[in-house]
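Student: Chains as they are written, first to last, in the numbering used here: chain A, 1 to 770; chain B, 1001 to 1062.
Starting off with a structure, shown below.
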């Protein structure tokens, strides 16, 4: 048997799906989180039942892709029963969809969800009376608290075996005669009542699928309209439905008398979605998220603490809780994990050296494999913590508000809030974010959004940001790690927004489509859901580390310790290796970005790291981890380098080699982060972009877009950071570009005409030469 | 070479080959290679379409 879950967005379908099937589906708080359907199994009935969770919809008319998906499913795949989930705290609006579902010849059970909230509000629903009025089983449930679910499924199972005939309030209205004529025309089609009502509403899909019937009924509809001035069938049907709902609800729903005033959610929204303060508040919340995850000086109270108070010098836990400031939870957990992995590495190194194992084997295992692997794994606590904070923001309902406030500001530039929702999902992973762009009906807006999603740094890019920011902050005392990391995240967002504005005013021109969104009420996220997401994330990260990252570190070590004629090379000879050769060949390309030829003999590591990041972004730090310790082994390290991480070691080694200070390399480091953040994402994201973009040409242009954007932004950061006066040159160049765009849009310049004239001149010249 | 060194080399080769083979096999089966586990992804059906189509076709043939 197959049961379909159908209901409005935020009515609790996915929560019910989780409760029924036991899987850990993602519960988002805005429409579009579940774009496609999900399947599971309910095993507590005499036979197993397949449960299909359809996207949240307001009607079965084709206004959005979600509505088309749900409609196609119920019409073509014939579920045995539809469980219509209704938010009983918002009965009138939810029952609109119910009236359309009841038109199908499919057994229906209405599940009045959020019964616990209704009870809390002091309202009451006469379930038996509603059941009698709608003539289908009605059950009151709380999907969140898993109450009433067994009874719901048992009733669904009973009605599924009996079958049902559809009913529509339109068949008892003033247009019943027209409806009956349509039903007669649909005699050979399943679900004639449903199709007839849709044809009456001049539904797009209905007219397209049944053009003959549309042609036959047209004179009847015109005739009816001619006898009723200003009559519109679509409006009439909607009106009939709402009158039906109102008539059924009177006497069913008893609301408790309430004082006039704002709800708690409304009060919170007055502040959080404020016209002026909404975006600054979002930026502050984002900063706090990063501060709690990456800061080595929590709440910036380090200077007020006594020396040695936090660092616990001379003890086993030295440095664990921070040095010079209290470590944030993320940094503390990272220190703990690093302490564990360092101890393990040293224990194994000691064991191998005592066992007189060859130097190459010790280097391969301890510096190569462990160096690379643990360099990535050490970021696991921070990745999980950041993911936890974003999940809290999303599940609480706040992220939906972010899309709303950004829509207000950026609509003027051709961006709608609806496109920000997939972008914000990109903070987790680009792949589902790109797939989520299917909610965007405008193809050009969708293409622009897919292109900029990777700019919202996903979890995999976090190690790059944190490692380099951490190296600058803790290794060389330059800036704060959390501020640098936060700044780079904001940079990614700013570049994304600017890029979309440029695209929407040039190659992907268009106006921002209307954006209607239901803001869910705020609520405390479920601990169980949050832990389930974290567990999934942890499993995936560890699996990726011990597969792709591990293989990458092995291969990187191998090609960095063998020359082109397959001779083994010691650490100090690494510059003669295959990997160094490839890196040095490509190094000049990155000179304008700061990590090219100017970094001397070890700069190739940055180039190689950027390329290994194409496989998986975590590989960038794994590469540093594998190679940096080998490089430093070729140096006489000074005491200041003790206990610092691979990136810091590498930066120090390079600074020493090219006879400059580490602080002089800051613009290069920031440019390197920017390049990796904005360039071609991992292979999985590239494959998804290829599948989601409309054409091969569009995909190729997207690849070019990523390369060009990352190159230009990184170059600007390096050049302006190193020579401040170049800022004016770039400002002038951008002013010219923007002027050209504005003039072209206003029709003052016709670039196509210019192009044609130029090619005509060229042809003219070559003809003259002949 | 000492036995431990041989074991290290063999293990390294085995790890590399097994991971590469499993990635290729997953690709052929149409399994997703994205960052998140399917359980927590609302789009798992979309990713798995190819695999499901292939599996369904195979089942029908059987």
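For glycine and all other residues, C-beta sits at the position ideal for the given N, C-alpha and C.
Keep in mind that this is a model prediction, so the values were computed, not measured.
If I'm right that residue 105(A) touches residue 7(A) with Cβ under 8 Å, what's the distance once you round it to whole angstroms?
Tutor: Mapped onto the first chain, residue 105(A) falls at position 105. Mapped onto the first chain, residue 7(A) falls at position 7. Between residue 7(A) and residue 105(A) the Cβ distance is about 20 Å, and since that is not below 8 Å, they are no contact.
Student: Please state the DSSP three-state secondary structure of residue 562(A).
Tutor: Position 562 of the first chain, counted from the first residue, corresponds to residue 562(A). Of the three classes helix, strand and coil, the one that applies to residue 562(A) here is strand, per DSSP.
Student: What number of angstroms, rounded off, separates the C-alpha of residue 387(A) from the C-alpha of residue 459(A)?
Tutor: Residue mapping note: residue 387(A) aligns to position 387 of the first chain, counting from 1. Residue mapping note: residue 459(A) aligns to position 459 of the first chain, counting from 1. Going from the Cα of residue 387(A) to the Cα of residue 459(A) covers about 8 Å.
Student: Per DSSP, which one or two residues make a beta bridge with residue 429(A)?
Tutor: Here residue 429(A) refers to the residue found at position 429 when the first chain is read from its first residue. Per DSSP, none; premise fails for residue 429(A).
Student: Evaluate residue 441(A) with the Cβ neighbour count: other Cβ atoms within 10 Å of its Cβ, from every protein chain shown; 16 or more gives buried, anything less gives exposed.
Tutor: The residue you call residue 441(A) lines up with position 441 of the first chain. Exposed.
Student: Along the chain, which unbroken stretches of the beta strand (DSSP E) at least 3 residues long are found entirely within the region 194-282 of chain A?
Tutor: none
Student: Please tell me whether residue 29(A) has its Cβ less than 8 Å away from any Cβ of chain B.
Tutor: Here the question's residue 29(A) lines up with position 29 in the first chain. Interpretation of residue 29(A) is limited by its pLDDT of 41, a score under 50 that renders its predicted location unreliable; the figure taken from the coordinates is listed afterwards. It does not; no Cβ of chain B falls within 8 Å.
Student: Please state whether the Cβ-Cβ distance between residue 545(A) and residue 377(A) is less than 8 Å.
Tutor: By 1-based counting over the first chain, the position of residue 545(A) is 545. By 1-based counting over the first chain, the position of residue 377(A) is 377. Yes. Within cutoff.
Student: Which residues does DSSP pair with residue 140(A) in a beta bridge?
Tutor: Sequence index remark: in the first chain, residue 140(A) carries index 140 (1-based). Per DSSP, 112(A).
Student: Could you tell me how far apart the beta carbons of residue 627(A) and residue 605(A) are, in whole angstroms, since I believe they sit closer than 8 Å?
Tutor: As a first step, residue 627(A) must be located in the first chain, where it is residue number 627. As a first step, residue 605(A) must be located in the first chain, where it is residue number 605. So it is a contact: roughly 5 Å between Cβ atoms.
Student: Between the region 342-357 of chain A and chain B, which residues of the former have CB atoms less than 9 Å from a CB of the latter, in chain order?
Tutor: Those residues of the region 342-357 of chain A that come within reach of chain B (Cβ to Cβ, closer than 9 Å) are 352, 355, 356, 357.
Student: To the nearest angstrom, how far is it from the Cα of residue 697(A) to the Cα of residue 56(A)?
Tutor: As a position in the first chain, residue 697(A) is number 697, starting the count at 1. As a position in the first chain, residue 56(A) is number 56, starting the count at 1. Those two C-alpha atoms are separated by around 33 Å.
Student: Is there a Cβ from chain A that is less than 8 Å from the Cβ of residue 1024(B)?
Tutor: On the second chain, residue 1024(B) is found 24 positions in, with the first residue counted as 1. Closer than 8 Å: no.
Student: Quick check: the region 464-471 of chain A against the region 413-427 of chain A, are at least 3 beta-carbon pairs closer than 8 Å?
Tutor: no
Student: Can you pull the chain B neighbours of residue 554(A), defined as C-beta to C-beta under 7 Å?
Tutor: Position 554 of the first chain, counted from the first residue, corresponds to residue 554(A). Within 7 Å Cβ-Cβ: 1012, 1015, 1016.
Student: Can you tell me which of 550(A), 404(A), 552(A), 578(A) puts its alpha carbon nearest to the alpha carbon of residue 563(A)?
Tutor: Locating residue 563(A) in the first chain gives position 563, where the first residue counts as 1. It is 578(A) whose Cα lies nearest to the Cα of residue 563(A).
Student: Does the CB of residue 1008(B) have a neighbour CB from chain A at under 8 Å?
Tutor: Here the question's residue 1008(B) lines up with position 8 in the second chain. Cβ-Cβ to chain A under 8 Å: yes for residue 1008(B).
Student: So for residue 541(A), helix, strand or coil by DSSP?
Tutor: Translated into the one-based positions of the first chain, residue 541(A) becomes position 541. Residue 541(A): helix per DSSP, three-state reduction.
Student: CA-CA distance, residue 160(A) and residue 461(A)?
Tutor: For this step, residue 160(A) is matched to residue 160 along the first chain. For this step, residue 461(A) is matched to residue 461 along the first chain. Cα-Cα distance, rounded: 49 Å.
Student: With distances taken from CA atoms, which of 266(A), 237(A), 492(A), 326(A) is nearest residue 520(A)?
Tutor: To locate residue 520(A), count along the first chain from 1; it is residue 520. Among 266(A), 237(A), 492(A), 326(A), the Cα nearest to that of residue 520(A) belongs to 266(A).
Student: What are the start and end residues of the alpha helix (DSSP H) that includes residue 669(A)?
Tutor: Position 669 of the first chain, counted from the start, is the residue given in the question as residue 669(A). Residue 669(A) -> alpha helix (DSSP H) spans 666-678.
Student: Are the Cβ atoms of residue 624(A) and residue 609(A) separated by less than 8 Å?
Tutor: Taking the first chain and counting its residues from 1, one reaches residue 624(A) at position 624. Taking the first chain and counting its residues from 1, one reaches residue 609(A) at position 609. For residue 624(A) and residue 609(A), yes; Cβs fall inside 8 Å.
Student: When DSSP labels each residue in this structure, what does residue 693(A) get in the three-state scheme?
Tutor: For this step, residue 693(A) is matched to residue 693 along the first chain. Note: residue 693(A) maps to coil in three-state DSSP.
Student: Look up residue 39(A) in the DSSP assignment and say whether it is helix, strand or coil.
Tutor: Start at 1 with the first residue of the first chain, and residue 39(A) comes out as number 39. Residue 39(A): strand per DSSP, three-state reduction.
Student: Tell me, which residues are paired with residue 4(A) by DSSP?
Tutor: Position 4 of the first chain holds residue 4(A). BP columns for residue 4(A) point to 52(A), 82(A).
Student: Distance, Cα to Cα, residue 620(A) vs residue 677(A)?
Tutor: For the purposes of this step, residue 620(A) is taken as residue 620 along the first chain, with counting starting at 1. For the purposes of this step, residue 677(A) is taken as residue 677 along the first chain, with counting starting at 1. Approximately 11 Å between the Cα atoms of the pair.
Student: Spell out whether any CB of chain A is found under 8 Å from the CB atom of residue 1020(B).
Tutor: Mapped onto the second chain, residue 1020(B) falls at position 20. Closer than 8 Å: yes.
Student: Kindly give me the distance between the Cβ atoms of residue 205(A) and residue 196(A), rounded to whole angstroms, as I take these residues to be in contact under 8 Å.
Tutor: Your numbering for residue 205(A) matches position 205 in the first chain. Your numbering for residue 196(A) matches position 196 in the first chain. With 8 Å as the limit, residue 205(A) and residue 196(A) do not qualify as a contact, their Cβ atoms being about 14 Å apart.
Student: In chain B, what lies closer than 8 Å to residue 551(A) by C-beta?
Tutor: As a position in the first chain, residue 551(A) is number 551, starting the count at 1. In chain order: 1015, 1016, 1019, 1020.
Student: Answer yes or no: do residue 11(A) and residue 83(A) have a C-beta to C-beta separation smaller than 8 Å?
Tutor: As a first step, residue 11(A) is located in the first chain; it is residue number 11 there, counting from the start. As a first step, residue 83(A) is located in the first chain; it is residue number 83 there, counting from the start. Going by C-beta atoms, residue 11(A) is not nearer than 8 Å to residue 83(A).
Student: Check residue 602(A) in the structure and name its three-state DSSP category.
Tutor: The sequence position of residue 602(A) within the first chain is 602, counting from 1. Correct three-state label for residue 602(A): helix.
Student: Return no unless some Cβ of chain A is closer than 8 Å to the Cβ of residue 1002(B).
Tutor: Residue numbering aside, residue 1002(B) sits at position 2 when the second chain is read from its first letter. It does; some Cβ of chain A falls within 8 Å.
Student: What first and last residue would you give for the alpha helix (DSSP H) that runs through residue 1022(B)?
Tutor: Working through the second chain from its first residue, we reach residue 1022(B) at position 22. Its alpha helix (DSSP H) spans residues 1003-1029.
Student: Below 8 Å CB to CB, which residues in the same chain sit around residue 552(A) once its five sequence neighbours on both sides are set aside?
Tutor: Position 552 of the first chain, counted from the first residue, corresponds to residue 552(A). Cβ within range, chain order: 372, 612, 615, 616, 619, 622, 623.
Student: From which residue to which residue does the alpha helix (DSSP H) around residue 489(A) run?
Tutor: Along the first chain, read from residue 1 onward, the residue named residue 489(A) stands at position 489. Run containing residue 489(A): 481-504, per the alpha helix (DSSP H) assignment.
Student: Output yes if chain B places a C-beta closer than 8 Å to the C-beta of residue 547(A); else output no.
Tutor: Numbered from its first residue, the first chain carries residue 547(A) at position 547. By this cut-off, residue 547(A) is an interface position.
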